[in-house]
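Encoded as structure tokens, the structure appears first; notes follow it.
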Amino acid sequence: MKVFLVASVLALGIVAMAAPFAEAKGTVTATAKESGCPKTFCFDVSPATLTGGDDVTVNFNNPSGNTQHSFCVLIGANWKCAPEAPAYANPGTSATVTFTAPASGKVEYKCSVPGHDVLGMMGNFTVQGASANTGGTNNTDGNTGETNPPPKASPSVGVIAMVVGVGLLAVALRRR
Ligand SMILES: [Cu+2]
């Protein structure tokens, strides 16, 4: 009975903590720029902050007049590109790449056309811990620039459930 109670309390807490992350998603718009950059080229990336664990879709546009570009993210040890390597996006075309954001830290990005990274087509996404997400950078409907409702449950709910459960258990055991 005691083991069952502890297991139940732990399971409830874990479910409550996991629930808000299950449907996490993010959409990023990245646009290649050949003017108005600190250097020769750059990206206009929005939003530049990701939420840890999100399934991120980057919609990459190359509206330039005459240069091929790509948008690649470093996931683990591999660059994942839009369009898929070794292709580049021709002027006036778009491509998409999807990836899962790491739990926290940074995600490097660059253009994979040789030399374009040092000409300015490189940068980092900042990854917020999922618990820090109070809305704004995490879209579930593919539209950017809107404010999202707060997550349905926060991880602290799970922690509180476990603490309360363990407390009740201690009281129950002491009364035996
Ligand atoms: Cu480029």
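Mapping the sequence shown onto the numbering used here, position 125 (from 1) lands on 109, and the numbers just tick up by one.
C-beta: ideal position from N, C-alpha, C; glycine also.
Owing to the predicted nature of the structure, the values given are computational and were not obtained by experimental measurement.
Once you ignore the five residues that flank residue i on each side, which residues in its own chain have a CB closer than 6 Å to its CB?
i, result
"Lys23", "Leu103, Gly104"
"Val57", "Lys64, Phe83, Val91, Tyr93"
"Val29", "Ala14"
Within a Cβ cutoff of 7 Å, which residues of the same chain sit near residue i, ignoring the five residues on either side of it in sequence?
i, result
"Arg158", "none"
Secondary structure at residue i, three-state DSSP: helix, strand or coil?
i, result
"Arg158", "helix"
"Ala69", "coil"
"Ala79", "strand"
"Ala216", "Coverage of the chain is limited to positions -15 through 160, which leaves residue 216 absent and any answer about it impossible."
"Ala114", "helix"
Hey, is residue i close to ligand 1, as in C-beta under 7 Å from one of its heavy atoms?
i, result
"Val97", "yes"
"Met106", "no"
"Phe25", "yes"
"Ala16", "yes"
Does the beta carbon of residue i sit closer than 8 Å to a beta carbon anywhere in chain D?
i, result
"Ser30", "Of the protein chains in this structure there is only one, and it is not chain D."
Could you give the C-beta distance for residue i and residue j, rounded to a whole number, given that I count them as a contact under 8 Å?
i, j, result
"Thr11", "Asn43", "7 Å"
"Phe55", "Gly107", "With a Cβ gap of about 10 Å, Phe55 and Gly107 do not count as contacting."
"Ala114", "Gly60", "The Cβ separation is near 19 Å, so there is no contact."
Below 8 Å CB to CB, which residues in the same chain sit around residue i once its five sequence neighbours on both sides are set aside?
i, result
"Asn50", "Pro75"
"Ala192", "Not covered by the structure: residue 192. The range shown for the chain is -15 to 160."
"Asp125", "Residue placement at Asp125 is poorly supported in this model, since its pLDDT is 47, which falls under 50; the coordinates are not used for a value here."
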